[in-house]
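FYI, in numbering that gives the first Met the number 0 the residues of the sequence shown are 0 to 142.
Idealized CB from N, CA, C, for every residue including glycine.
Since the model is a prediction, treat every value here as computed from it, not as a measurement.
Working notes for the structure below.
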Amino acid sequence: MCIGNRDGGDDAIGPYIADKLSSENLDSIKVIDAGIVPENYTSIVKQEKPKTLFIIDAVEMGLNPGDIRIVPKEKIGVLTISTHGIPISVLIGYLEQYISDIIFIGIQPKEMSGKITTYVKESGDFLVNVFKEKNFKMIKTLN
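Take a look at the structure:
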């Protein structure tokens, strides 16, 4: 599930990754471009019942622009996550009733207006390759 505003600068990283992954036609990955209303896609997630749900979004983590981290559940509520309909912590809490393994991946934005920056776009391309290769150990966890 990729989250973000296509017109929101680096917040567009979610839709950017969704587009790239969708174009790869990977059989083992169902891609959801949830835009700015991820809560509208919970029924699809419940219906699909994935073994693992990855949620990708721009997250202010105090890191360098483009840095990618797996955000542990206990840190989600204290970080600034791009503005969407409901807090990500609430979305994840709801989906945990149906999906046992939810991994939230944050990408540090630089600009939240204008076009997506080169730093973040390159990180998005890197993340697409991580998914293609299923090499998730390449992603560090946020301390």
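Have a look at L96 and L90 and give me their C-alpha separation to the nearest angstrom.
In the sequence under discussion, the amino acid at residue 96 is Gln, which differs from the Leu named in the question. Between Q96 and L90, the C-alpha separation is close to 11 angstroms.
On a CA-only basis, which of I75, F53 and T117 is nearest G8? Give me that one, please.
T117
For K139, three-class secondary structure by DSSP
strand
Taking the alpha-carbon of P14 as reference, which of M111, I115, D32 and S27 has the nearest alpha-carbon?
D32
heavy atom of the ligand ADP below 6 angstroms from S122 C-beta:
Annotation note on the ligand ADP: not contained in the displayed structure, which lists no ligands.
Buried or exposed for I55, please, with buried defined as at least 16 other CB atoms from any protein chain shown within 10 angstroms of its CB.
buried
Does the Cβ-Cβ distance between L20 and V36 come in under 7 angstroms?
no
Among I85, N128, L94 and S22, which one has its Cα closest to the Cα of K48?
L94
Going by DSSP in three states, L94 sits in which element: helix, strand or coil?
The three-state reading of DSSP puts L94 in helix, counting H, G and I together.
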